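Everything below concerns the one structure shown next.
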Amino acid sequence: MGWHSRTRTLQVFDTELSADTVEWCPIPQFSHVLACGTYQLQKGDEKETAENCPAPSRIGRVYLFDCNPQTSFIPPLTETQRIDTPAILDLKWCHVLISERPVLGMATASGEIQLYKLMESQQGTCGLENELSTGLGPDRLALSLDWSTGRGESDVRVVSSDSSGSLTVLSLGEASLTAVCQWKAHDFEAWIAAFSYWDTQIVYSGGDDCKLKGWDLRMGSSSPTFTSKRHTMGVCSIHSNPHREHILATGSYDENVLLWDGRNMKHPLSETAVGGGVWRLKWHPTEEHLLLAACMHNDFHILHCQKAIEGQDAPCQVLASYILHNSLAYGADWSRLPLSNSTPPSPQEPPQTSIGLTESGGHLRIQYESPTASFDTSLEDDSGRYIPEQCSVPEKSSIPDPFTSPARDSQSLSCLMATCSFYDHMMHVWRWDWSPEDKQKPSEPVLSS
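In the numbering used here, the protein residues as written are 1481 to 1929.
Structure follows, in structure tokens:
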């Protein structure tokens, strides 16, 4: 059975500062909450000499949004809060409630791990309140963090990596965030650190020394359990699969996504070239074979990894690509918000754009212009009301069904994503629809040029 894959932009937001990380809250009752972090390097006055020019400062801002993708005539995102902070290099929500509240962790350029709790106001909106912070040491930037709670782990810990090449494991108490251990893990920047969600005594790390390493916290930190040089450039993304034990995804500046079985780290299960440095990888919240990749110089891609996970030694198939950003693709995350089951029209159907415009009196409005002069649009009627992009004709593709289960043949999948890009300081919220092809409809005639 053939399947249709389609992406469509729902909203674009200008973050003003360079955007590098975006995260949906994983707690079910707060899955409508979205956070986006920014990083901006502020240099001194160009007229100042090298002797009296101060060191550049790194500033940031975290944005909080409320999302309602089911709304018909307004964009789905509403900004509820913005907080100026040190530059943010990574954001991660804890997967479980802490003291009955969601908690957001930040890795900052001030060398701190900062924790914010999510509170609800009497008006029903949500806001972040600074709860705890811990410094990792002098003269370093916190580059990443991960929580031990990917599968609902009750022993809440944080692992962080930093610019000195060190890893730090922190324990969360009632009123403290305390470093349990810290050690030198890589020769240069340790870009990424992540827990194994199936055995949270296992930590993985990747660095600018091109090495991927594993650590068993029960054995101390004097030596790694393995060191892999399979990546040929800096390792900057690691994510443990929360649905399949032992499965690990890694990404690198070498433009490849590798899948691993944690029981044999000598050779990867698969290697997929994605055409850009892989800054972030995210497994889907419920679909164990879907992997979202932020590929820096080559946009965002959704990979299907079933064959690789099952040991068939095959590259992951690219199911969809989102190409509307105009700068470095850094932040990416899946939403857990439910979407309607309605899917876009089949490519065999006549385009509905002109009908939608005529019936609604709608017109296209440019939402932003990037430094590259590209632009994105939204559809509005004459009174300025937003018209959903069901009326537009997004990117379409028809590719074979990668799912092997017969039960999948009649099912559709609709997912909501948020992505952000750096120098054009943009965050996009977009939808991916995956639906079975209707074989009974006549094919669209081929137009000759």
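Backbone N, C-alpha and C fix where the C-beta goes; we use that ideal spot for every residue, glycine too. All values reported here derive from a predicted model rather than from experimental measurement.
Query: For E1924, three-class secondary structure by DSSP; Result: Residue confidence for E1924 is low, a pLDDT of 45 falling below 50, so the modelled location carries little weight and cannot support an answer.
Query: Residues sharing a beta bridge with T1560, DSSP; Result: None, per the DSSP bridge assignment.
Query: Cβ shell of L1477 (< 7 Å), same chain only, five flanking positions each side left out; Result: Only positions 1481 to 1929 of the chain appear in this structure, which leaves residue 1477 out of reach.
Query: Contiguous beta strand (DSSP E) assignments of at least 3 residues, all confined to the region 1734-1794; Result: 1736-1741, 1750-1753, 1760-1763, 1770-1774 and 1780-1784
Query: L1650 in three-state terms, based on DSSP; Result: strand
Query: M1907 versus A1812, D1913 and V1649, residue with shortest Cα-Cα distance; Result: A1812
Query: Buried/exposed call for H1711, threshold 16 Cβ in 10 Å; Result: buried
Query: Where R1698 falls: helix, strand or coil (DSSP); Result: helix
Query: Beta-carbon proximity check, L1799 vs C1785, cutoff 8 Å; Result: no
Query: CA-to-CA distance, M1699 to L1521, given in whole angstroms; Result: 39 Å
Query: Residue(s) in a DSSP beta bridge with M1599; Result: G1607
Query: Residues bridged to S1894 (per DSSP); Result: D1913
Query: Buried versus exposed, by CB contacts within 10 Å (16 or more), K1709; Result: exposed
Query: CB contact flag (R1486, D1913, <8 Å); Result: yes
Query: Residue range of the beta strand (DSSP E) that includes K1664; Result: L1657 to K1664
Query: According to DSSP, residues forming a beta bridge with P1566; Result: I1539
Query: As assigned by DSSP and simplified to three states, the class of Q1509; Result: helix
Query: Span of the beta strand (DSSP E) around S1624; Result: A1622 to W1627
Query: Any non-hydrogen atom of the ligand FMN within 7 Å of W1483 CB; Result: Among the components of this structure there are no ligands whatsoever, and the ligand FMN is therefore not found.
Query: Cβ contact (3+ pairs, closer than 8 Å) linking the region 1721-1730 and the region 1756-1768; Result: yes
Query: Residue(s) in a DSSP beta bridge with C1690; Result: Looking at the DSSP assignment, C1690 forms no beta bridge with any residue, so it has no partner.
Query: Per-residue burial, I1593 [other beta carbons within 10 Å of its own, 16 or more giving buried]; Result: buried
Query: Status (buried if at least 16 other CB within 10 Å, exposed otherwise) for W1663; Result: exposed
Query: DSSP state of F1493 mapped onto helix, strand, coil; Result: strand
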